[in-house]
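Chains as they are written, first to last, in our numbering: chain A, 327 to 436; chain B, 287 to 402. Think of the CB as a built atom: it goes at the ideal place given N, C-alpha and C, for glycine as much as any other residue. Beneath this line is the structure, given in structure tokens, with notes to follow.
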Amino acid sequence: TQLLEQSPQFLSIQEGENLTVYCNSSSVFSSLQWYRQEPGEGPVLLVTVVTGGEVKKLKRLTFQFGDARKDSSLHITAAQPGDTGLYLCAGVEGAQKLVFGQGTRLTINP
Amino acid sequence: DAGVIQSPRHEVTEMGQEVTLRCKPISGHDYLFWYRQTMMRGLELLIYFNNNVPIDDSGMPEDRFSAKMPNASFSTLKIQPSEPRDSAVYFCASSRTEPYSNQPQHFGDGTRLSIL
Chain A
327 TQLLEQSPQF LSIQEGENLT VYCNSSSVFS SLQWYRQEPG EGPVLLVTVV TGGEVKKLKR
387 LTFQFGDARK DSSLHITAAQ PGDTGLYLCA GVEGAQKLVF GQGTRLTINP
Chain B
287 DAGVIQSPRH EVTEMGQEVT LRCKPISGHD YLFWYRQTMM RGLELLIYFN NNVPIDDSGM
347 PEDRFSAKMP NASFSTLKIQ PSEPRDSAVY FCASSRTEPY SNQPQHFGDG TRLSIL
């Protein structure tokens, strides 16, 4: 099983600041997904990136897949308290199996 | 549309007891996954099914864990006997096969299991 490492594990910043979360692996994935999880709930898919170098935007969130399809980043512009949560990257193995990173626990302070 | 439904939401039991977690996937989804989430190890895949058939159970910790999917709308994860180290949040997720796209997995809200 391939491994995914996320950094940082914890991040606490003020409202309005920008931040970047990283997801790295030594292995190549066919695609990579980002999920967000709130307390007491299961993870919810934010985006899937498939092509090396691909960039996708979801309002203030920008996701990038590395050229070699081994790493990905999530950049949030002008963070808001509603962005608080656990962000998980997941590499897709085979047809449907996901390998999850440890997650980045993000806190946005008003 | 109803999402993935898990029961119970919380379970507290004593070491050595049998624990059964239940999951109803989204109708029409042909994949079902069981995960375990802890602070130390994050979200780990235990087992997954395709069309009710177990495909990969390499993540099941040991023989104390077993999972079944008797039909397309129901699955169970059983721990017998339970141990304190089994305490975690257990998630069930489902997805469907579609060509040319990566389908998301839809997660239930989890069962928080505490073994005393």
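Contacts of residue i in chain B (Cβ-Cβ under 7 angstroms)
i               : result
F426 of chain A : G328, L329
P369 of chain A : F393
L414 of chain A : L329
G429 of chain A : G328
DSSP beta-bridge partners of residue i
i               : result
A358 of chain B : Bridge partners of A358 of chain B: none, in fact.
S333 of chain A : A:Y348
H392 of chain B : B:S380
R308 of chain B : B:S293, B:T362
T430 of chain A : A:Y413
T403 of chain A : Answer is none; T403 of chain A lacks a bridge partner.
S398 of chain A : A:C349, A:F391
R398 of chain B : B:H296, B:V375
Cβ-Cβ distance between residue i and residue j below 9 angstroms
i               : j               : result
N428 of chain A : E364 of chain A : Correcting the residue type first, residue 428 of chain A is Gln in the shown sequence and not Asn. No. Outside cutoff.
I312 of chain B : W320 of chain B : no
F391 of chain A : G379 of chain A : yes
M355 of chain B : P367 of chain B : no
Y317 of chain B : S359 of chain B : no
A416 of chain A : L345 of chain A : no
F389 of chain A : L371 of chain A : no
A353 of chain B : S361 of chain B : yes
T433 of chain A : V347 of chain A : no
L424 of chain A : R362 of chain A : no
T383 of chain B : N338 of chain B : no
Q422 of chain A : Q391 of chain B : yes
R295 of chain B : D372 of chain B : no
M272 of chain B : L402 of chain B : One cannot answer for residue 272 of chain B here, as it falls past the ends of chain B, which runs 287 to 402.
Under 8 angstroms by beta carbon: chain B residues contacting residue i
i               : result
K423 of chain A : L331, Y334, D342
Interface residues of chain A facing residue i [CB-CB closer than 7 angstroms]
i               : result
Y317 of chain B : Q422
G396 of chain B : G368
Proximal residues of chain A, C-beta to C-beta of residue i below 9 angstroms
i               : result
S380 of chain B : Result: empty, since nearest Cβ-Cβ is about 10 angstroms, beyond 9 angstroms.
I377 of chain B : According to the sequence provided, residue 377 of chain B is Phe. The question's Ile does not apply to it. The contacting residues are G368, P369.
Cβ-Cβ separation, residue j to residue i (assumed contact under 8 angstroms), whole Å
i               : j               : result
R395 of chain A : F426 of chain A : About 17 angstroms separates the two Cβ atoms, so there is no contact after all.
L307 of chain B : T397 of chain B : 5 angstroms
S398 of chain A : V375 of chain A : 6 angstroms
T403 of chain A : R386 of chain A : 5 angstroms
G345 of chain B : L363 of chain B : 12 angstroms between Cβ atoms; not a contact.
N435 of chain A : E341 of chain A : 6 angstroms
*Can you give, in chain order, each stretch of the beta strand (DSSP E) that sits fully within the region 350-387 of chain A and has at least 3 residues?*
Entirely contained in the region 350-387 of chain A, the beta strand (DSSP E) runs reaching 3 residues are, in chain order, 358-363, 370-375, 381-384.
*Would you mind listing the beta strand (DSSP E) stretches within the region 320-360 of chain B that are 3+ residues and don't spill past its ends, in chain order?*
Runs of the beta strand (DSSP E) inside the region 320-360 of chain B: 328-336, 339-342, 351-357.
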